[in-house]
Each structure stands twice: as structure tokens, then as C-alpha cells.
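Here's the structure, in C-alpha cells; my notes come after.
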DNA sequence: GCCGTTTTCGGCCCGACTGTTTTCAGTCG
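In my numbering, the protein residues as written are 13 to 580.
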């Protein structure tokens, strides 16, 4: 196997660090922000940016030009950006960490370093404790306190971000409750949760109201509120008993569109939107759009009006990541994204025949009650040896007779072993109607090669949760998405979006690469219990973030249609 | 350093908050 190329996340980290070090040196702020925006573009790109740079094609990405492409090649060839290696020799290691402390930026960090000679976090703590920071003009007691608090918080820092699948139902429930209050008019979720990003920090709500203080009062007195972090006439922040921070902003109805758009983000989307507007002599803010020359301010009651005023079609929140949606919206070429109602069945689930909590019948009836036409039961192949598969099929046949026209599909999920083989032999697999192959172990052992071998197996219809990542727990196998997608297209193998809240795997960027290449993508829940069937909406949201249409999502079809698309 | 429906040069989002200040720089989202 060839030397693995650096991952996008590692490439991005080098540019972020380079930006930090240059900012500490007082470099031109636009150069610094170029590196930052390149880092974020690299992080959000599905395919290997290192490979793109080697092919001379990284320049095609927004915000990456000749210079940065060259620096990516330096990473591939020498392990590190040359300019970064050079600066690391100049700037003491911890000084860049000063900047990570909240409220402490490059300017202050550089002054602490240069004027006090403080170069480590320990020295910084000592300087704050000994009240030496206030010797610097512009810094006072408050700053010292804040730094000490930040240093203590960092010690127990958890990188944990709540999962969309956990937080979204809570958010939507609060939106619903606020909608029902007599003082409210329009209420919407906003922020990264509205964009259905896989993890979130705060839960944002935007509302208009006939009586804003009444709505704020109601919001802060809901029974699950355990802390009111802030409360004013138009804005409040509360913490719920399950630890989520909810932010409610009540805004004037005439600029509801402007504010909802602003607070939905993303930052990158808004930045690009505003830069494009500036070129046309318009200044966009959360309060409206100002004509720079005349000073005339236009407000918009809806997002549709705002986007139309700026020359765009309305952009679904899931697409607002500055990954081509603005250009597409201007050209009226946005895709018609798949919707939850398009889903006709679930192709990945477990029962008590393996590690599921519910019987086959309970799972099937629940799927039927959701309005599905079919459910693939895909218990682990390791548990269906020695005649147990045939026993399960007899039960399936009997149930199908009773539940028709609903259909339980005779499926199986087989592990891809460390040696690249599958947990069941070809003869056993051939008996199933629907075969999923998934990585469950040894994620570091040639994961791409093993997945490619599974894809080449004529009995395997779909690869489950491609990277096997677990959000907040492990980053998942380092899969060469390009090669996997190419092989999947060639063989007619499907690549799943697994809707489990801590998987969402394919991730959005990988699913987009796969979809563009022509892979059909099933969205499935991998349910091990009844409630998990309810994760379909976040799986569909993930598909929407990947720009997928109904046509590109496999299980918007009847089972008969899927049978015809399935490889032989 | 990037980028172009006024530009291959000369620009580069916008506003709120904070702390330390008498008018603003730095930081943040």
C-alpha cells in the first residue's frame, strides 16, 4: 500500500496554526484570514485535498490559490509547511495556545510574550496570579481574573459537543411550545441546528411576538429551565435540565427575514453573501440591506424576500456552508433536496435475532405504523450461522403473510474482518435478499483495501457506516473516499448514510462526493430499538446537507425498484 | 493570500460586547 496521504483535518490544522503564528507576528490580517479560510475549506472538503494539490486541482476550491496549493504539496512531500516550520522556531510553543483562551487574541498574546517575556501557560498563570499582567497598559484586574478562570476551565476542558440527534427533538419541542403561546407570532429554530449540522453548541430560536416581554417571561419560566443565564426585553438564554443552552431572540416582524437568515449562518455563508453584496454596493447586516450610496435600508419579513432581493433563490438551511450554494442559487440551479416524506422504507435494522432489543414482529409493526412499505431486518451475520438464518426466514415469511402488503426484507449485516474477508461465506450470503457489509473492528488495518474487497463481492449490496466513526468518541477509519466511490460506481454498490445520531456516516461531505459520482445512497437508521426508527429525519437532513435529491437516495423507491437496481 | 458582471490592482462583512478607557482597540460570532 502506498504511503497514506495526510488527512484533510491534519492539513487544515497546519494552516490554522500558521495563521495563528503569523497573526502573533503581526502579519497582514488579510493574509492571516486567507489561511484560516483555506483551513476551513480544506476541513469541509470531502475528497483528499492532498491528492487534489498533487494533481494541481486544489486551486479549484474557493479560497485556495497557487500559493496555498504549493504549501499543501509541501505537507505531502516534507510533512510540514516550510513557513510553519520556520515560524515554530521563532514563536515559543505555548504562545499560540494563549490565543485559544477565550477573550485573549493575538494582539494581547503577543504583548504578553514580548513585553513580559511570558512564554508558557504555567508562566502565564503565575503572571496573572502575581497581578503582573496589569503592568501592561490596557490590561487590568478583570483580564487577569478571566485568564485564570480560562486556564482552570481548560484543564477540565471537554471537546464534547451535543449530538444533533439528541438536541434537535428538544429544540423543536421548545419551538412548538413557543408557537402555541398567545404572545408569539412566528417562531423558528436557527443556528447550526437549523442547518442540521451533526453536532451543535447552542440551540437558537428566533421569534416575533405581539408582546415580546411576555414571551420571554414564558420562555424563562418553562418547567425544565434550571438556569437563566441572561434575560432582557428581547433576548434570553436558559439552560435546560439536560444541559442544553437555549437562546431566544424576539425580533421586529419587518426584519424577521434578515435576522433569521443572519442567525442561521453559517458564518462562512454569511461572509460570502456579504462580500458579494459589497461588490454590488450593498451592505448586508442582521438588520437589513443598506444601499451604500443612498443609505436606503431595506428590511425583509421573510428569508425568501431577502434572498430574492439579493438575486438568489431561497437556499435551504442545510446547504448554507459556502460550498457552492450561493453560485447555484444565483443561477437558479439549486437541487430539489430529498425530503422525509420521500422515504418508503428502512434498509438497516436489528432484532432479538442478534443484538436488537425488540422482536422481529415488533420492529416490523412499528415500521409499518410509520407508513413504510418495507423494513430490512439485517441482524449480524455472525449470529445467523448453522441454520438460524433459515429459521429467521420462516418467521419472516409468516409475518409477511400477516402484514402484507408491508414487507420484511430478509437482510444481514456482515462484519468486514481484519483480513478483508467477510464474516459469512459467499454461499451463505447469496441466500439473503439484502446484504450489508460494515467495518466494526481493526479500523487502522488497511480500512480502504478491506472496504474495496467487500464492494467487489457480488453478494454485498451496501456498505454500512463507511468510516465507523463515533462522534465525540473516535474519528473513524481513514478511508480513501475517492477510491471507494469509484469502485462503488463500477460495481453498483450502495453507500449508506447511517442515521444513528453518533454516526451520521457517510458524513455530509463524503455523501456529496458519492452522490455526485452517481452512487445511490440509502438512508437508514440501523435501529436496535423502537425509538431509533425515529432517527430517520436526521439521516435525511444529512442527505440534504450532501445536496442529495430524491432520485439519489435509494430508499425513496419501492422494494421492487430496489431489487432491480441491486447488483446480481 | 485570494479574487474579479465596474478592477490582474486594490480591495477584503458587520455589529455587539468588554474592559479599559474619556473615544477605542480587541475579541467574538
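Glycine included, each C-beta is placed from N, C-alpha and C at the ideal position. On a predicted model such as this, the values are computed, not experimentally measured, just so you know.
Open item on the list: Helix, strand or coil for residue 313? Go by DSSP, reduced to three states.
Closed with: For the purposes of this step, residue 313 is taken as the residue at position 301 of the first chain. If DSSP states are grouped into helix, strand and coil, residue 313 belongs with coil.
Task: Contact under 9 Å by Cβ, residue 280 with residue 293 - done: Residue numbering aside, residue 280 sits at position 268 when the first chain is read from its first letter. Residue numbering aside, residue 293 sits at position 281 when the first chain is read from its first letter. Cβ distance not < 9 Å, so residue 280 and residue 293 don't count as in contact.
- [ ] Quick one: give me the first and last residue of the alpha helix (DSSP H) that residue 192 is part of.
- [x] Mapped onto the first chain, residue 192 falls at position 180. It spans 176-192 - the alpha helix (DSSP H) in which residue 192 sits, taken as one unbroken run.
Open item on the list: When you compare the segment 385-405 with the segment 548-560, are there three or more beta-carbon pairs, one atom per stretch, that lie closer than 8 Å?
Closed with: no
Task: Contained alpha helix (DSSP H) runs [length at least 4] in the segment 272-358, N- to C-terminal order - done: 279-291, 315-321, 337-342
TODO: From the DSSP output, read off the bridge partner residues of residue 474.
DONE: The residue given as residue 474 occupies position 462 in the first chain. For residue 474, which the question treats as bridged, DSSP gives the partners 448, 506.
TODO: Can you say whether residue 568 is buried or exposed, counting buried as having 16 or more other CB atoms within 10 angstroms of its CB?
DONE: As a working mapping, residue 568 is identified with position 556 in the first chain. It counts as buried.
Task: Beta-carbon contacts of residue 216 that lie in its chain and below 6 Å, excluding the five residues immediately before and after - done: Numbered from its first residue, the first chain carries residue 216 at position 204. Counting only Cβ-Cβ distances below 6 Å, and skipping sequence neighbours, we find 202, 203, 259, 275.
TODO: Look at the Cβ atom of residue 545, then the Cβ atom of residue 508, and state whether they are nearer than 9 Å.
DONE: In the first chain, residue 545 corresponds to position 533, counting from 1. In the first chain, residue 508 corresponds to position 496, counting from 1. No.
TODO: Enumerate in chain order the residues of its own chain whose CB-to-CB distance from residue 444 is below 7 Å, with the five nearest sequence positions on each side excluded.
DONE: Within the first chain, residue 444 is the residue found at index 432, counting from 1. Counting only Cβ-Cβ distances below 7 Å, and skipping sequence neighbours, we find 422, 423, 424.
Open item on the list: Going by beta-carbon coordinates alone, are residue 493 and residue 526 separated by less than 9 Å?
Closed with: If you number the first chain from 1, residue 493 lands on position 481. If you number the first chain from 1, residue 526 lands on position 514. Their beta carbons are under 9 Å apart, which means residue 493 touches residue 526 by this criterion.
Task: Close Cβ partners of residue 553 (< 7 Å) along its chain, the five nearest in sequence each way excluded - done: Against the first chain, residue 553 aligns to sequence position 541. Within the same chain, residue 553 has close Cβ partners 208, 330.
Open item on the list: Please report the distance separating the alpha-carbon of residue 530 from that of residue 344.
Closed with: By 1-based counting over the first chain, the position of residue 530 is 518. By 1-based counting over the first chain, the position of residue 344 is 332. Taking the straight line from one Cα to the other gives about 22 Å.
Task: residue 416 to residue 289 span [Cα, whole Å] - done: Taking the first residue of the first chain as 1, we reach residue 416 at position 404. Taking the first residue of the first chain as 1, we reach residue 289 at position 277. Straight-line Cα distance between these residues: approximately 56 Å.
Open item on the list: With a threshold of 8 Å, are at least 3 pairs of Cβ atoms found where one atom belongs to the segment 480-487 and the other to the segment 507-521?
Closed with: yes
TODO: Check each candidate in 101, 409, 65, 188 and name the one with the smallest Cα separation from residue 84.
DONE: Taking the first residue of the first chain as position 1, residue 84 is located at position 72. Nearest of 101, 409, 65, 188 to residue 84, Cα basis: 65.
Open item on the list: Rounded to the nearest angstrom, what separates residue 448 and residue 541 at their Cα positions?
Closed with: Looking up residue 448 in the first chain gives position 436. Looking up residue 541 in the first chain gives position 529. Those two C-alpha atoms are separated by around 19 Å.
- [ ] Would you check if the distance between the CB atom of residue 132 and the CB atom of residue 176 is smaller than 9 Å?
- [x] Residue mapping note: residue 132 aligns to position 120 of the first chain, counting from 1. Residue mapping note: residue 176 aligns to position 164 of the first chain, counting from 1. No, these two residues do not count as a Cβ contact at 9 Å.
TODO: Indicate whether residue 9 and residue 206 have their beta-carbon atoms separated by less than 9 Å.
DONE: The question about residue 9 has no answer here: the residues shown for the chain are numbered 13 through 580.
- [ ] Take the Cβ of residue 181 as the centre, count every other Cβ of all protein chains shown within 10 Å, and call the residue buried at 16 or more, exposed below.
- [x] Counting from 1 along the first chain, the entry for residue 181 is found at position 169. Result: exposed.
Open item on the list: Would residue 586 and residue 116 be called neighbours here (beta carbons separated by less than 9 Å)?
Closed with: An answer regarding residue 586 cannot be provided, because it is not within the stretch 13 to 580 covered by the chain.
Open item on the list: Could you check whether the segment 19-34 touches the segment 84-93, counting it as contact only if at least three pairs of C-beta atoms, one from each stretch, sit closer than 8 Å?
Closed with: yes
- [ ] Could you tell me if residue 273 is buried or exposed, where buried requires 16 or more neighbouring beta carbons within 10 angstroms of its beta carbon?
- [x] Along the first chain, read from residue 1 onward, the residue named residue 273 stands at position 261. When all chains shown are included, residue 273 counts as buried.
Open item on the list: Tell me which residues share the same chain as residue 580 and place their Cβ nearer than 6 Å to its Cβ, disregarding the 5 neighbours each side in the sequence.
Closed with: Stepping through the first chain from its first residue, residue 580 is reached at position 568. Nothing listed; no residue qualifies.
TODO: For residue 581, collect the residues of the same chain with a Cβ closer than 8 Å to its Cβ; drop the 5 residues on either side in sequence, then sort them by chain order.
DONE: Missing from the structure shown is residue 581; the chain here goes from 13 to 580 and no further.
Open item on the list: Considering Cα atoms alone, identify which of 442, 505, 266, 94 is closest to residue 318.
Closed with: Counting from 1 along the first chain, the entry for residue 318 is found at position 306. Among 442, 505, 266, 94, the Cα nearest to that of residue 318 is on 266.
Open item on the list: My assumption, with CB atoms under 8 Å, is that residue 499 sits in contact with residue 467. Please give the rounded CB distance.
Closed with: By one-based count along the first chain, residue 499 stands at place 487. By one-based count along the first chain, residue 467 stands at place 455. Contact holds; Cβ gap of about 5 Å.
Task: Cβ shell of residue 454 (< 7 Å), same chain only, five flanking positions each side left out - done: Position 442 of the first chain, counted from the start, is the residue given in the question as residue 454. Here the set comprises 430.
- [ ] Quick one: using the 10 Å Cβ neighbour count with 16 as the cut-off for buried, is residue 409 buried or exposed?
- [x] Reading the first chain from its first residue, position 397 is the one you call residue 409. Per the 10 Å Cβ criterion, exposed.
Open item on the list: Runs of 4 residues minimum, wholly inside the segment 81-153: which ones carry the alpha helix (DSSP H) assignment?
Closed with: 94-102, 107-110, 118-128, 133-141
Task: Delimiting residues of the beta strand (DSSP E) encompassing residue 252 - done: Here residue 252 corresponds to residue number 240 of the first chain, with the count starting at 1. 247-252 is the span of the beta strand (DSSP E), which, as asked, contains residue 252.
Task: Euclidean distance between Cα positions of residue 228 and residue 238 - done: Taking the first residue of the first chain as position 1, residue 228 is located at position 216. Taking the first residue of the first chain as position 1, residue 238 is located at position 226. Near 15 Å, if we compare the C-alpha coordinates of residue 238 and residue 228.
Task: Whole-angstrom distance between residue 139 and residue 124, CA atom to CA atom - done: If you number the first chain from 1, residue 124 lands on position 112. If you number the first chain from 1, residue 139 lands on position 127. Distance between the alpha carbons of residue 124 and residue 139 is about 9 Å.
Task: residue 313 and residue 261 closer than 9 Å at C-beta - done: The sequence position of residue 313 within the first chain is 301, counting from 1. The sequence position of residue 261 within the first chain is 249, counting from 1. Cβ atoms of residue 313 and residue 261: not closer than 9 Å.
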